[in-house]
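Student:
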Amino acid sequence: MPDNLRVVIVSDTHGELDERIAREAVASDLVVHAGDVGSREVLDALQPRAGRLIAVRGNNDVREKWHAGDWNLLDSLPWETRVTLPGGDLVVVHGHHYGNPGRCHARMRRDFSDARLVVYGHSHRECADRLGSPWILNPGAAGRVRTFGGPSFSLLMVRGSRWQVETRRFPLLQGTPAGKRRRAARV
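Everything in the sequence shown is counted per our numbering, starting at 859 for the first residue and increasing by one.
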């Protein structure tokens, strides 16, 4: 693995991926999805041109919500995973078993104390908690459901042992009323 990496981190697409986030993902070295993927099409759209994609299963990633032809892919998604990057390990979970954010972060720090960064989703609310170790990150929702102001993703830049993370939010697309669920074309 190279020492310099551009990692796009998403969660909670629920079968609908914002196309602006898809463009960011395909230009990255690694894409991480923290669950509630919703469809094979989302994973296909996130696949980096020259990189790798890792994803975990969320509480809504169940057979009843996926196309029957994609059940093998769904069943292959782990509930948690870990990837070693230059400078430390990144752990990915969906987070639905961890409860409210205050307790959730303390439990994740205890459960994954040897990691550098724990990524989770589930709440659809972005959060970057760097006050302890490991860092805890929720990129918010990258689809169209409960985005709280627009779809978002996090960008982790790895330069050797130096990590920098930021979350980016796009405005809602015209014609997508805030707070109203609207089905988007699958990508």
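Where a beta carbon is used, it is the ideal one built from N, C-alpha and C, also for glycine.
By the DSSP assignment, the alpha helix (DSSP H) with Trp929 in it spans what residues?
Tutor: Note, Trp929: alpha helix (DSSP H), Trp929 to Ser934.
Student: Just how far apart, CA to CA, sit His963 and Ile994?
Tutor: Straight-line Cα distance between these residues: approximately 7 Å.
Student: By Cβ distance, which residues of its chain are closer than 8 Å to Pro936, with the 5 residues on each side in sequence left out?
Tutor: Around Pro936: Val914 and Arg915.
Student: Does the beta-carbon distance from Pro997 to Ser981 come in below 8 Å?
Tutor: Their beta carbons are not under 8 Å apart, which means Pro997 does not touch Ser981 by this criterion.
Student: Secondary structure at Glu1024, three-state DSSP: helix, strand or coil?
Tutor: Looking at Glu1024 - three-state DSSP - the assignment turns out to be strand.
Student: Measure the alpha-carbon distance for Ala1043 versus Leu875 and round it to whole angstroms.
Tutor: With a pLDDT of 31 at Ala1043, under the threshold of 50, the modelled position of that residue is not reliable, and no figure is offered here.
Student: Considering only residues of the same chain and omitting the five flanking positions on each side of Asp894, which have a CB-CB separation below 8 Å?
Tutor: Within the same chain, Asp894 has close Cβ partners Ser869, Asp870, Thr871, His872, Gly916, Asn917, Asn918, Asp919, His952, Gly979 and His980.
Student: What are the boundary residues of the alpha helix (DSSP H) that includes Leu904?
Tutor: First-last of the alpha helix (DSSP H) with Leu904: Arg898 to Leu904.
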